[in-house]
Amino acid sequence: MTWDVDPQWEAGLGLVGTLSAIALFVSPIKTFQRIISKRNTEDFPSFPYVSTFLNCFVWTIYALPFVTPNRLPPLITNVIGVVFQVVYLILFVRYAKDKAQSQVRQQLLALSAFLLLFSSLLFTAVPPASRSAVAGNFATLFTVVMFGAPLSSLSVVLRTRSVEFMPLPLSLMSFVCSTSWLAYGVYVQDTYVIVPNALGSLLGIIQLCIYYAVSREGRRKSEDNALDEENIPLQEVMMVEASRD
2 MTWDVDPQWE AGLGLVGTLS AIALFVSPIK TFQRIISKRN TEDFPSFPYV
52 STFLNCFVWT IYALPFVTPN RLPPLITNVI GVVFQVVYLI LFVRYAKDKA
102 QSQVRQQLLA LSAFLLLFSS LLFTAVPPAS RSAVAGNFAT LFTVVMFGAP
152 LSSLSVVLRT RSVEFMPLPL SLMSFVCSTS WLAYGVYVQD TYVIVPNALG
202 SLLGIIQLCI YYAVSREGRR KSEDNALDEE NIPLQEVMMV EASRD
């Protein structure tokens, strides 16, 4: 089923998608305030920011007017995203220690090599008529990777039974952003936008469910520990009275 696309509706949905994406891009600011204040990235993973940079870069290429015409909202959104991720990655390299420092440098080296190869082949080996499809397929893949990236902290979450290093704003805004762009993709009938954002919405729901389950378990343990601490003085009084008897 197809329909005529109203430019005003397209612009409106594109604006919602752009604003939700910007909210996603700024959501790690609190995390990086903590990183800067402690001068250490601790157990925060670098992969979400590497994958988001990769995603935004490829989508920027896809949305270029001479690659895919009439895709101004994704173009603006992803240029902004590239700028944010560059800042985050610079901070991550600056404050990562030991193993984390080595890991993020390896990721950035692999990222740089891939993007150089991808851009070169796209504009030299791929016919102009096929560039949009090729870039769209890669963008689809990397969008799914980006929305699933917060799950890279899952091992830490499961090991510590804590969501300290799985920031809620990032997971929440990943869901909101993917759902907003899903609506845009459905309206403009762009499969390359629909598929990854549908999967992104699903991954967002999974992340939020994990966050809720683990944080609820943590609250329950805290309440139990608090009750135990309250009972300790009472037990001591009972032991004293028993010794007197």
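Every number in our numbering is 1 more than the matching position in the sequence shown, counting from 1. Note that beta-carbon positions come from the ideal geometry of N, C-alpha and C, so glycine has one too.
**Prompt:** Are there 16 or more other CB atoms within 10 angstroms of the CB of residue 124, so buried, or fewer, so exposed?
**Reply:** Counting Cβ neighbours within 10 Å, residue 124 comes out exposed, since fewer than 16 surround it.
Exposed or buried, residue 19, counting other C-beta atoms within 10 Å across all chains shown (16 or more means buried)?
By the Cβ-count criterion, residue 19 is buried, with 16 or more other Cβ atoms from all chains shown falling within 10 Å of its own Cβ.
Once DSSP output is grouped into helix, strand and coil, what is the label at residue 60? Secondary structure at residue 60: helix, using DSSP grouped into helix, strand and coil.
In angstroms, rounded to a whole number, what distance separates the CA positions of residue 43 and residue 172?
So the alpha carbons of these two residues sit roughly 19 Å apart.
Apart from the five residues just before and just after residue 112, which ones in its own chain have a Cβ nearer than 8 Å to its Cβ? Around residue 112: 51, 54, 55.
Exercise for review: Could you check if residue 9 is buried or exposed, using at least 16 other CB atoms within 10 Å of its CB as the buried criterion?
Suggested key: With fewer than 16 other CB atoms across the displayed protein chains lying within 10 angstroms of its CB, residue 9 is exposed.
request  = Can you give me the Cβ contacts of residue 213 inside the same chain, cut-off strictly under 6 Å, excluding the 5 residues immediately before and after it?
outcome  = Excluding residues within five positions, none has a Cβ falling inside 6 Å.
- prompt: Just the Cα atoms here: how many angstroms apart are residue 196 and residue 180?
  reply: Those two C-alpha atoms are separated by around 11 Å.
> With burial defined as no fewer than 16 other Cβ atoms inside 10 Å of the residue's Cβ, what is the status of residue 1: buried or exposed?
Replying inline: The structure shown has nothing for residue 1, since the chain only spans 2 to 246.
Inset, instruction - Report the rounded CA-to-CA distance for residue 15 versus residue 182, giving the unit in angstroms. - result: Rounded to the nearest angstrom, the gap between the Cα atoms of residue 15 and residue 182 is 8 Å.
Between the stretch 25 to 45 and the stretch 153 to 167, can you find at least three pairs of beta-carbon atoms closer than 8 Å? They touch, by the three-pair rule.
Output needed for residue 150: all residues of its chain with C-beta closer than 6 Å, excluding positions within five of it in sequence on either side, in chain order. Here residue 150 has 48, 49, 52 as same chain residues with Cβ atoms under 6 Å from its own Cβ, once five neighbours each way along the sequence are excluded.
Could you tell me whether the stretch 77 to 85 touches the stretch 193 to 209, using the rule of 3 or more Cβ pairs below 8 Å? Here the stretch 77 to 85 makes no contact with the stretch 193 to 209; the two share fewer than three CB pairs at distances below 8 Å.
Can you list, in chain order, the stretches of the alpha helix (DSSP H) that have 4 or more residues and sit fully within the stretch 11 to 70?
The DSSP assignment places complete alpha helix (DSSP H) segments of no fewer than 4 residues inside the stretch 11 to 70 at 30 to 39, 48 to 64, in order along the chain.
Q. Ends of the alpha helix (DSSP H) at residue 100?
A. Under the DSSP assignment, residue 100 falls in the alpha helix (DSSP H) whose first and last residues are 99 to 125.
With a Cβ-Cβ cutoff of 8 Å, do residue 178 and residue 25 count as a contact? Their beta carbons are under 8 Å apart, which means residue 178 touches residue 25 by this criterion.
- Query: residue 148 lies in the alpha helix (DSSP H); which residues open and close that run?
  - Reply: Run containing residue 148: 129 to 149, per the alpha helix (DSSP H) assignment.
Between 105, 146, 96, 109, which has its C-alpha nearest residue 34's C-alpha? For the options 105, 146, 96, 109, the alpha carbon positioned closest to that of residue 34 is the one of 96.
Run the CB neighbour count on residue 71, radius 10 Å, all protein chains shown included, and call it buried at 16 or more, exposed below.
Residue 71 comes out exposed.
- prompt: For residue 190, which three-state DSSP category applies?
  reply: Three-state result, residue 190: coil.
Checklist entry - Using a Cβ-Cβ cut-off of 6 Å (strictly less than) and excluding sequence neighbours within five positions of residue 188, which residues of its own chain qualify? => result Contacts found: 14.
- Compute the Euclidean distance between the alpha carbons of residue 217 and residue 176, then round it to the nearest angstrom. Their backbone Cα atoms lie some 20 Å apart in a straight line.
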